[in-house]
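Visitor:
Residue numbers (this note's numbering): 60 to 180.
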């Protein structure tokens, strides 16, 4: 089974994402901010990261930049999942190393399509 780290400060979003990912046969680990996520990645790198942008402590873009510096940190597929939908944010995310970008709210179909697009399914 592939693993996905769900990074979002919203417990509801993490719960919805976890349910969808379990249906897609992923194991999941959760973090409520970028620092927690970075700590989890230092323990074990996931196959995928579903990443929110706006979070306390460390935001998504800072987490992504730090992840990509870790040994093997280039391997996880990172899908930003956020309400930030202007072209500047999207460009910044892709430049920082994101593989894909989806808008909130999302559903099972959207997540499945994006994960297929990036080769996770």
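Glycine is no exception: its CB is placed at the ideal position from the N, C-alpha and C atoms. Only a predicted model underlies this, so the values are computations on that prediction, with no experimental measurement involved.
1. Which term fits residue 130, buried or exposed, when burial requires 16 or more other beta carbons within 10 angstroms of its beta carbon?
2. Around the C-beta of residue 178, are 16 or more other C-beta atoms found within 10 angstroms, so that it is buried, or is it exposed?
3. By DSSP's criteria, residue 137 is part of a beta bridge. Which residues make up the other side?
4. With distances taken between CB atoms, is the gap from residue 139 to residue 152 smaller than 8 Å?
5. Using DSSP's beta-bridge definition, name the partner residues of residue 162.
Guide: In short, the structure shows the following:
1. exposed
2. exposed
3. 108
4. yes
5. 141
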